[in-house]
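Sequence lines, in order, name chains A and B. Everything in the first sequence is counted per the working numbering, starting at 1 for the first residue and increasing by one. Everything in the second sequence is counted per the working numbering, starting at 349 for the first residue and increasing by one.
There are 2 protein chains.
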Amino acid sequence: MRQIVIIGAGLIGTSIGLAATKNGLTCTFVDSNPRHQALATQLCGSGGSVFADEEVDLVVVATTVPELANVVLDALNQYPKAIVIDIGSVKTKVLLEVSLKVPSNDLSRYLGTHPMAGREITGPEGARSDLFAGRAWAICPHEGSNQADVASIEELIRSFGATAYQMKSEAHDEEVALVSHLPQLLASLLAGSLHGELSLAGQGLRDMVRIADSDPLLWSGILSGNQQAIKPLLRQISKQIDQLVDLNLSRESVERVIAAGVVGKSTIPGKHGGVDRDYAKLPVVISDKPGQLAALFAICGEIGVNIEDLSIEHSPAQATGLITLFVAQGDLSTLINELSGRGWEVHP
Amino acid sequence: MRQIVIIGAGLIGTSIGLAATKNGLTCTFVDSNPRHQALATQLCGSGGSVFADEEVDLVVVATTVPELANVVLDALNQYPKAIVIDIGSVKTKVLLEVSLKVPSNDLSRYLGTHPMAGREITGPEGARSDLFAGRAWAICPHEGSNQADVASIEELIRSFGATAYQMKSEAHDEEVALVSHLPQLLASLLAGSLHGELSLAGQGLRDMVRIADSDPLLWSGILSGNQQAIKPLLRQISKQIDQLVDLNLSRESVERVIAAGVVGKSTIPGKHGGVDRDYAKLPVVISDKPGQLAALFAICGEIGVNIEDLSIEHSPAQATGLITLFVAQGDLSTLINELSGRGWEVHP
Numbered sequence: 001m002r003q004i005v006i007i008g009a010g011l012i013g014t015s016i017g018l019a020a021t022k023n024g025l026t027c028t029f030v031d032s033n034p035r036h037q038a039l040a041t042q043l044c045g046s047g048g049s050v051f052a053d054e055e056v057d058l059v060v061v062a063t064t065v066p067e068l069a070n071v072v073l074d075a076l077n078q079y080p081k082a083i084v085i086d087i088g089s090v091k092t093k094v095l096l097e098v099s100l101k102v103p104s105n106d107l108s109r110y111l112g113t114h115p116m117a118g119r120e121i122t123g124p125e126g127a128r129s130d131l132f133a134g135r136a137w138a139i140c141p142h143e144g145s146n147q148a149d150v151a152s153i154e155e156l157i158r159s160f161g162a163t164a165y166q167m168k169s170e171a172h173d174e175e176v177a178l179v180s181h182l183p184q185l186l187a188s189l190l191a192g193s194l195h196g197e198l199s200l201a202g203q204g205l206r207d208m209v210r211i212a213d214s215d216p217l218l219w220s221g222i223l224s225g226n227q228q229a230i231k232p233l234l235r236q237i238s239k240q241i242d243q244l245v246d247l248n249l250s251r252e253s254v255e256r257v258i259a260a261g262v263v264g265k266s267t268i269p270g271k272h273g274g275v276d277r278d279y280a281k282l283p284v285v286i287s288d289k290p291g292q293l294a295a296l297f298a299i300c301g302e303i304g305v306n307i308e309d310l311s312i313e314h315s316p317a318q319a320t321g322l323i324t325l326f327v328a329q330g331d332l333s334t335l336i337n338e339l340s341g342r343g344w345e346v347h348p
Numbered sequence: 349m350r351q352i353v354i355i356g357a358g359l360i361g362t363s364i365g366l367a368a369t370k371n372g373l374t375c376t377f378v379d380s381n382p383r384h385q386a387l388a389t390q391l392c393g394s395g396g397s398v399f400a401d402e403e404v405d406l407v408v409v410a411t412t413v414p415e416l417a418n419v420v421l422d423a424l425n426q427y428p429k430a431i432v433i434d435i436g437s438v439k440t441k442v443l444l445e446v447s448l449k450v451p452s453n454d455l456s457r458y459l460g461t462h463p464m465a466g467r468e469i470t471g472p473e474g475a476r477s478d479l480f481a482g483r484a485w486a487i488c489p490h491e492g493s494n495q496a497d498v499a500s501i502e503e504l505i506r507s508f509g510a511t512a513y514q515m516k517s518e519a520h521d522e523e524v525a526l527v528s529h530l531p532q533l534l535a536s537l538l539a540g541s542l543h544g545e546l547s548l549a550g551q552g553l554r555d556m557v558r559i560a561d562s563d564p565l566l567w568s569g570i571l572s573g574n575q576q577a578i579k580p581l582l583r584q585i586s587k588q589i590d591q592l593v594d595l596n597l598s599r600e601s602v603e604r605v606i607a608a609g610v611v612g613k614s615t616i617p618g619k620h621g622g623v624d625r626d627y628a629k630l631p632v633v634i635s636d637k638p639g640q641l642a643a644l645f646a647i648c649g650e651i652g653v654n655i656e657d658l659s660i661e662h663s664p665a666q667a668t669g670l671i672t673l674f675v676a677q678g679d680l681s682t683l684i685n686e687l688s689g690r691g692w693e694v695h696p
């Protein structure tokens, strides 16, 4: 695989171009937005190459969801020897639309994929060659898929630093409905309910609406394209809400919902995939001035304790903050001793 | 105000004891759990004092929500000269129950309050004298409130480092329904929907279910006690969900929901209250090994740039991370120059 055509020079398409170029592949961009096409081409260096259609090895379709199927169909026609992949957030609908319109011979060259990567900055300006490093990347082979093609796409994905997960398109759509589409809708619905002064708002609310800043056009395409998988989840939530209301939020009814949430939350895999490493938490009081975090992390670096994750709690008008450090269980006592020995207020 | 009785030696009650003791007040604890009572007493030093009932200046009722009204009533009877405050998460129900059962003369001594503070560690073990520093603390005077009492409670709250917000109990209940109770229910409902392998789960989902780890017993008391304010919000969410389902998540219907969320999110006040300071964000690539954060924050400290907030993005199997620093707009260009000049990969 050496010559790549990338259709759609947005964040994902351009980042794929950067990662591919870094790995010695040559790519060219196609985008209806001339500024995006020019910027992506410039960023990639090799991005201005012109290939004969017959010599294209791979076409990456990186448009918005509603356009995917048609662009994939055109690409299968135009590039007779290329593997054509798309990177859209929904997979079943695209596969269905493509398979209805191409001969099975051509369908074997199509493969749906979905990198679980994104940034708050969209467009080619946000592109990074390491956007996929450490991310999950779903691959959804279909019955007619060519196994050698699937293997070479997996290899490409691994070369970008991502982890490939093979799954059926239906399984993919059901999982993203649960881990991405339902959370997006609930965050937006919650944020959309907000009104008034909210002087009592704290970190819980802020976390819940962080993703509510999303692009309505982009997301309407995604969610609408995955309606089959999302609707049963929404119906289930709505039913549970109605039950709570009907029971006047009786203690028993609320207790059931909260308890089910505690169990459900524990099913999310940990930071490094697979088994949750069960980090120890250490809350540390910091004052809100320059140098405090630096001093804190300098000590951690010095004593060789890796901060696996951290959270800063803050609320309106807060001058002192509480930072919670997440470290390996084995590092906790060292960290407590070293920090409290140096005058830090820790709350193990 | 010098002698305080604290009924309920949990996280909040014991923290109030610690903060009051630090300010030179004397307090004694009452708790049906002897271990909690002993620990709180021990932690506070002054906490073992025995007062004559007539000499108690303040009673703080810090039990769970369902017990509040009865304990407040008992306290008003037992301590004839004391101001009696509670610190429960719902206010209207308690005020109503108390006012139905005491003479208005005694009611004037009751004041409902609600500190917006909490920790993941509950019980007296989690108590901290600085738990309220920088937090909002709602005070809900009623028609019969004694203004001098309200002023002295405000002063006490300020002495704990908190910011007092006066509001009617109904306004309080409506606001916490929106900023705390509805988010809790949606987080729990979302977490309760989770099942399967979830290898594609990312930070969005993790943020949305962070608070789903809550105590079912504690929260069923809170939410059930505020059902009047929560039910209209739940009905509204359920109605919007049903509309989305009925319209098969049409692009227009989804776009409306997402766009309304973008607007709603912008109504949340910023970290320091009042006007959102509109921090600049700077994403920086870090590798997942000791010393990286230390080095990064050392530079920030050195150049005098205060990190107002930060977030670390992580997802399954991620080896490299992306940390987003939030700084004052005026500090952004300095930070970009200094970091990139020292070889850090920044993505402004």
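From the three backbone atoms N, C-alpha and C, an ideal C-beta is built for every residue, glycine too.
Inter-residue Cα distance where the pair is residue i and residue j
i	j	result
A:Ala162	A:Ala136	6 Å
A:Pro124	A:Leu218	15 Å
B:Val506	A:Trp344	Just to set this straight, residue 506 of chain B is Arg in the shown sequence, not Val. Going from the Cα of B:Arg506 to the Cα of A:Trp344 covers about 24 Å.
A:Ser99	A:Asp74	13 Å
B:Glu522	B:Leu641	41 Å
B:Tyr513	A:Ser199	8 Å
A:Val275	B:Thr374	The pLDDT assigned to A:Val275 is 37, lower than 50, so where the model puts this residue is not dependable, and the model offers no usable value.
A:Lys265	A:Glu55	49 Å
B:Gly460	B:Ile435	7 Å
A:Gly24	A:Leu234	45 Å
B:Ser562	A:Val257	11 Å
A:Ile307	B:Ile671	12 Å
A:Tyr110	A:Gly202	47 Å
A:Leu96	B:Glu603	24 Å
B:Pro696	A:Ala260	41 Å
A:Ala9	B:Gly678	32 Å
B:Leu406	A:Gln227	57 Å
B:Ala676	B:Ala388	41 Å
A:Leu205	A:Ser104	50 Å
B:Ala519	A:Val209	22 Å
B:Ser500	B:Val432	12 Å
Paired residues, beta bridge with residue i - DSSP
i	result
B:Pro631	B:Thr672
A:Gln147	Answer by DSSP bridge pairing: none, since A:Gln147 is not bridged.
B:Asp657	B:Phe674
B:Trp485	B:Pro463, B:Ala512
B:Val524	According to DSSP, B:Val524 bridges with nothing at all.
A:Gln3	A:Thr26
9 Å Cβ cutoff, residue i in contact with chain A
i	result
B:Arg467	yes
B:Cys392	no
B:Pro414	yes
B:Val605	yes
B:Met349	no
B:Glu476	Rather than Glu, the amino acid found at residue 476 of chain B in this sequence is Arg. Interface residue, yes.
B:Pro531	yes
C-beta neighbour in chain B for residue i, strict 9 Å
i	result
A:Cys140	no
A:Gln240	yes
A:Asp57	no
A:Lys91	no
A:Ala350	Residue 350 of chain A cannot be examined here, being either before or after the span of chain A that is shown, 1 to 348.
A:Tyr165	yes
A:Ala136	yes
CB contact flag (residue i, residue j, <9 Å)
i	j	result
A:Leu44	A:Thr14	Looking at the sequence shown, residue 44 of chain A is not Leu but Cys. Their beta carbons are under 9 Å apart, which means A:Cys44 touches A:Thr14 by this criterion.
B:Gly540	A:Gln240	yes
B:Leu571	A:Leu249	yes
A:Asp53	A:Gln78	yes
A:Lys93	A:Cys140	no
A:Ser108	A:Asn70	no
A:His195	B:Leu530	no
A:Gly17	A:Ile4	yes
A:Ala298	B:Ala368	no
A:Leu296	A:Leu339	yes
Note down, one range per segment and in chain order, each beta strand (DSSP E) of at least 3 residues found wholly within the segment 93-127 of chain A. 110-115
(request) Please list the segments of the alpha helix (DSSP H) lying wholly inside the segment 182-263 of chain A, counting only runs of 4 or more residues, in order along the chain. (result) 182-193, 203-208, 216-225, 227-246
Within the segment 353-437 of chain B, ranges of the beta strand (DSSP E) (whole runs, at least 3 residues): 374-378, 406-409, 431-434
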